[in-house]
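What follows is a single structure, written as structure tokens, with notes after it.
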Amino acid sequence: MGAFCTENACLSFPETIRELFKGAVDLIIPYRCAICGSVSDTENRFKDYGKLYYQIYGTGTDLHICGKCLSSLNSLDEDDRWLLCLSNPIEGDPYPGLALYMQFPYKGIVERIVPRIKFGKRIELARFFGCLLGSSLLMDEITADLVVPIPLSKERYEERGFNQAGEIAYPIARMNSIPFAENCLVRTRNTKRQAKIRNSDERSMNVSGAFRVSEEWDVTGLTILLVDDVATSGSTLHEAALALYRAGALKVLCVAFAGNRSVRNAEPF
Ligand SMILES: [Zn+2]
Numbered sequence: 000m001g002a003f004c005t006e007n008a009c010l011s012f013p014e015t016i017r018e019l020f021k022g023a024v025d026l027i028i029p030y031r032c033a034i035c036g037s038v039s040d041t042e043n044r045f046k047d048y049g050k051l052y053y054q055i056y057g058t059g060t061d062l063h064i065c066g067k068c069l070s071s072l073n074s075l076d077e078d079d080r081w082l083l084c085l086s087n088p089i090e091g092d093p094y095p096g097l098a099l100y101m102q103f104p105y106k107g108i109v110e111r112i113v114p115r116i117k118f119g120k121r122i123e124l125a126r127f128f129g130c131l132l133g134s135s136l137l138m139d140e141i142t143a144d145l146v147v148p149i150p151l152s153k154e155r156y157e158e159r160g161f162n163q164a165g166e167i168a169y170p171i172a173r174m175n176s177i178p179f180a181e182n183c184l185v186r187t188r189n190t191k192r193q194a195k196i197r198n199s200d201e202r203s204m205n206v207s208g209a210f211r212v213s214e215e216w217d218v219t220g221l222t223i224l225l226v227d228d229v230a231t232s233g234s235t236l237h238e239a240a241l242a243l244y245r246a247g248a249l250k251v252l253c254v255a256f257a258g259n260r261s262v263r264n265a266e267p268f
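As structure tokens, then:
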């Protein structure tokens, strides 16, 4: 049997041919960008994402994002990521200073991606944003005892096939070595889609009492990262945070990859 030897290893001929063929395929098959759909070149920095993805999921990813889309993703500056969770204060709110950590403003390319994730069922894009958010939290040295995603109702989960908040939250947990509590929060009832309600008071009413902590989890004394995809009025995160506090959580930090909140929080997490 012949073998092709490199500095570190000897490959048998079939392996050598496969490796060479793989290289040739990389050269001749163009990749389609998952965001804009254009044919993309592969970039070194995006190849690093493949390595990270493998560490988290144990498999490869065929997600590709072109250099143009990558450079349009502009994170908020570090100091601007700490915001007040609610757009409108609620009278008698026991947690009026509830903090939201948000990475991107909900506009431009980010606004176009969200419907693709939710309605185009692009789980890979949700995971990619989870990784971006995870690395941002890591760099800002934010840690906690538990990562909890906002749950979907059973009905909506069956319709969509995945929970986008869960897909974003999982890499955050893995990258920051924090336990992931997928089923910690439970929806007590179905709610209307928040995106279809314009008035923030109505949004608040829509999700009022909509969550509880599952009997399987004890959150007493824990510091929790509560994760959603987008924070618009902040009502969903606020309501879910109240459920965690009622169940004994010590501290809850709401986290969203995008949103339109703009009031800076004087008391960061
Ligand atoms: Zn693109």
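For the sequence shown, numbering that gives the first Met the number 0 begins at 0 and goes up steadily by one. Glycine included, each C-beta is placed from N, C-alpha and C at the ideal position.
Within this structure, are the beta carbons of residue i and residue j separated by less than 8 Å?
i, j, result
"L236", "Y94", "no"
"L62", "I108", "no"
"Y305", "A257", "One cannot answer for residue 305 here, as it falls past the ends of the chain, which runs 0 to 268."
"L252", "Y100", "yes"
"G129", "Y169", "yes"
"W230", "A246", "A small fix is needed here, since residue 230 is Ala in this sequence, not Trp. It is not a contact, given that the beta carbons lie outside the stated cut-off."
"I272", "A143", "Here the chain covers residues 0 to 268 and nothing more, so residue 272 does not appear."
"N264", "A125", "no"
"G233", "S74", "no"
"I34", "C68", "yes"
Can you pull the DSSP bridge partners for residue i?
i, result
"Y100", "W81 and V254"
"R186", "F210"
"A272", "Outside the displayed span of the chain (0 to 268) sits residue 272, for which this structure offers no information."
"V147", "L225"
"F179", "V146"
"L30", "The sequence as given places Tyr at residue 30; Leu does not occur at that position. S39."
"R263", "L82"
State the DSSP-derived secondary structure class of residue i, mapped to helix, strand or coil.
i, result
"T222", "strand"
"R282", "With the chain represented from 0 up to 268, any question about residue 282 goes unanswered, as that position is not in the structure."
"S135", "helix"
"Y105", "coil"
"P93", "coil"
"C65", "coil"
"I112", "helix"
"T58", "coil"
"I141", "coil"
"R126", "helix"
"K120", "coil"
"R192", "coil"
"E215", "coil"
"A239", "helix"
"A246", "coil"
"L51", "helix"
"F45", "helix"
I need the straight-line Cα distance from residue i to residue j, nearest angstrom please.
i, j, result
"E140", "G119", "33 Å"
"Q323", "V262", "With the chain represented from 0 up to 268, any question about residue 323 goes unanswered, as that position is not in the structure."
"R192", "N198", "13 Å"
"L151", "R31", "30 Å"
"C84", "D227", "12 Å"
"N289", "G57", "What is shown of the chain runs 0 to 268, which leaves residue 289 out entirely."
"G66", "R186", "39 Å"
"L249", "I223", "8 Å"
"Q102", "N259", "11 Å"
"I55", "I171", "10 Å"
"V212", "G36", "40 Å"
"D219", "V147", "Correcting the residue type first, residue 219 is Thr in the shown sequence and not Asp. If you take the alpha carbons of T219 and V147, they lie about 14 Å apart."
"R80", "R188", "31 Å"
"L145", "E214", "16 Å"
"I116", "L221", "30 Å"
"S134", "D76", "14 Å"
"N175", "G165", "15 Å"
"I89", "V38", "48 Å"
"L137", "F127", "15 Å"
"G59", "P114", "24 Å"
"Y48", "I149", "25 Å"
"L131", "D92", "32 Å"
"K46", "I64", "10 Å"
Label residue i either buried or exposed according to how many other C-beta atoms from any shown protein chain fall within 10 Å of its C-beta, with 16 as the threshold for buried.
i, result
"T190", "buried"
"S70", "exposed"
"V206", "buried"
"E154", "exposed"
"E158", "exposed"
"E238", "buried"
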